[in-house]
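Everything on this sheet refers to the single structure shown next.
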Amino acid sequence: MDEARLNDFMGKLVNDMGGAAMLANVILGEELGLYRAMADSQPVTPEALAEKTGCNTRLLREWLSAHAASGYMEHRDGQFRLPEEQALALAIEDSPVYVAGGIGVVASFFHDKDKLVNAMRGNGALPWGDHHPCMFSGTERFFRPGYKAHLVNEWLPALDGVVAKLETGAKVADIGCGHGASTVIMAQAFPNSRFVGFDYHAPSVTVATQRAEEGGVSGRARFFQGTAKSYPGDDYDLVCYFDCLHDMGDPVGAAKHAYESLKPDGSVLLVEPFANDTLDANTTPVGRLFYAASTFICTPNSLSQEVGLGLGAQAGEARLRKVFTEAGFTQFRRATETPFNLILEARK
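Note that our numbering has the sequence shown beginning at 520, numbered continuously upward.
Pasting the structure below:
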């Protein structure tokens with residue numbers, strides 16, 4: 520046994536245990552409004568924060584101390600400060616790097632642990648709708664900041680001629696729309712176009728409809744329950760998949776249906792988790808996160824459906840290209856990328 524190697528691994532494991540414990544504390548702070556109360560980046564004592572938020576002073580002191588020990592906050596002379604940079608990630612929901620709301624996804628892993636044990640010992644299946652409710656709200660809040668920051672300003676302009684169609688008036692299908700964050704963002708940006716979101720999870724369709732009403736676009740963004748292989752229509756200018764195609768049991772079948780539902784000059788916007796084409800190339804912090812999430816979410820959901828291809832969240836561009844080539848598309852390219860997403864375009 521290599522004792523130095525063991526010590527290095529134990530250090531990594533203890534660090535990860537601390538990180539997992541801190542994520543629980545982040546969820547706590549987000550729900551209680553503690554970060555928002557500290558978003559002005561001014562130093563505050565536990566007593567002052569307790570008065571501001573109505574929370575228990577002693578527990579706040581422990582919570583604040585955990586943040587200081589983790590480097591999430593600054594501490595000096597009994598006062599704690601949330602720096603501006605950390606506030607962008609933890610307190611300011613309109614920030615493109617806001618992550619606190621999306622950490623609820625990780626909480627669902629622990630809630631759903633017994634279901635995954637059964638899946639591992641069985642056929643591997645765990646449908647999306649069987650997850651804890653915090654999965655659904657967490658997913659919306661995890662992806663929405665990135666969509667707001669990049670979708671209209673960067674991703675759509677990277678596609679061939681799509682923005683001009685949207686400005687004039689296009690018909691768009693958002694497949695696997697979830698709570699409708701992507702659909703509503705597009706509808707708000709392009710008032711001359713019409714958007715239809717489809718998702719097989721009925722509760723998500725209900726929430727998406729509410730989001731459209733809240734966003735003032737209910738007349739131009741409608742939501743319906745439906746699968747990726749059966750939604751109606753054959754005259755779409757744009758069909759979108761936002762971080763969902765790899766979750767599907769039959770992504771080739773879904774892509775074939777998109778081919779059939781598009782106009783001759785239509786386009787597919789495929790947004791997928793960033794991934795290279797091999798495990799070795801994906802041994803990065805982002806790859807680590809997405810493989811771990813895929814174990815609990817993406818792959819078991821695919822295995823719960825017909826075909827059960829199980830692409831997983833780290834499918835990579837080459838495997839995704841194969842899916843669309845098999846579906847009949849002749850053009851497939853990487854339009855752009857972010858550290859967290861591949862933005863791909865497919866055309867007939």
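For each residue, glycine too, the CB sits at the ideal point set by N, CA and C.
Checklist entry - CA-CA distance, Ala540 and Ala619? => result 14 Å
Next on the checklist: Output needed for Gly537: all residues of its chain with C-beta closer than 8 Å, excluding positions within five of it in sequence on either side, in chain order.
Outcome noted: Ser589
Checklist entry - With distances taken from CA atoms, which of Phe809, Thr746, Gly806, Leu675 is nearest Leu863? => result Leu675
Checklist entry - Where does Gly782 fall in DSSP's three states? => result The question names Gly, but residue 782 in the sequence shown is Lys. In this structure, Lys782 counts as strand in the three-state DSSP scheme.
Next on the checklist: Which residue wins for smallest C-alpha separation from Ala774, given the options Lys748, Asp762, Asp784?
Outcome noted: Ranking the options by Cα distance to Ala774, first place goes to Lys748.
Checklist entry - Do the stretch 721-738 and the stretch 705-713 meet, that is, are 3 or more Cβ pairs less than 8 Å apart? => result yes
Checklist entry - Distance, Cα to Cα, Ala834 vs Leu798? => result 10 Å
Checklist entry - Quick one, which of Asn637, Ala683, Gly697 has its alpha-carbon nearest Thr658's? => result Gly697
Item to check | Member of Asp766, Asp756, Ala683, Gly623 whose CA lies at the smallest distance from the CA of Thr818 | outcome: Asp766
Item to check | Opposing strand residues paired with Glu593 [DSSP bridges] | outcome: Arg600
Item to check | 6 Å CB neighbourhood of Ala877 in its chain, flanking five on each side removed | outcome: With the chain represented from 520 up to 867, any question about residue 877 goes unanswered, as that position is not in the structure.
Checklist entry - Quick one: what's Tyr755 bridged to in DSSP? => result Leu781
Next on the checklist: Alpha carbons only, please: which of Lys684, Met639, Thr702 is nearest the one belonging to Glu732?
Outcome noted: Thr702
Checklist entry - Which residue spans inside the stretch 658-746 form an unbroken beta strand (DSSP E) run of at least 3? => result 690-694, 713-718, 740-744
Checklist entry - By the 10 Å Cβ neighbour count, where 16 or more other Cβ atoms means buried, how is Ala756 classified, buried or exposed? => result At residue 756 the sequence reads Asp, which differs from the Ala that was named. The residue in question, Asp756, is buried, as its Cβ has 16 or more Cβ neighbours within 10 Å.
Item to check | Per-residue DSSP class, three states only, for Phe851 | outcome: strand
Checklist entry - Grouping DSSP H, G and I as helix and E and B as strand, with all else coil, what is Ile816? => result coil
Next on the checklist: At the level of alpha carbons, what is the spacing between Leu525 and Val625?
Outcome noted: 27 Å
Next on the checklist: Can you tell me where the alpha helix (DSSP H) holding Leu839 begins and where it ends?
Outcome noted: From DSSP, the alpha helix (DSSP H) with Leu839 extends over 836-845.
Checklist entry - Any idea if Gln824 is buried or exposed, counting beta-carbon neighbours within 10 angstroms, 16 or more meaning buried? => result By the 10 Å Cβ count, Gln824 comes out buried.
Checklist entry - What is the DSSP secondary structure of Ile611, counted as helix, strand or coil? => result coil
Next on the checklist: Tell me the rounded alpha-carbon separation between Arg807 and Asn795.
Outcome noted: The alpha-carbon atoms of Arg807 and Asn795 are separated by roughly 12 Å.
Item to check | Option nearest Ala587 by Cα separation, candidates Glu550, Gly573, Glu612, Val545 | outcome: That would be Val545, whose Cα lies nearest to the Cα of Ala587.
Next on the checklist: Just list the residues that DSSP pairs Val563 with in beta bridges.
Outcome noted: Phe599
Item to check | For Glu549, the three-state DSSP class (helix, strand or coil) | outcome: In the three-state reduction of the DSSP assignment, Glu549 falls in the helix class, which pools H, G and I.
Checklist entry - By DSSP, does Glu825 sit in helix, in strand, or in coil? => result coil
Item to check | Three-state secondary structure (DSSP) of Asn801 | outcome: helix
Checklist entry - Is Pro652 helix, strand or coil when you go by DSSP? => result It is helical.
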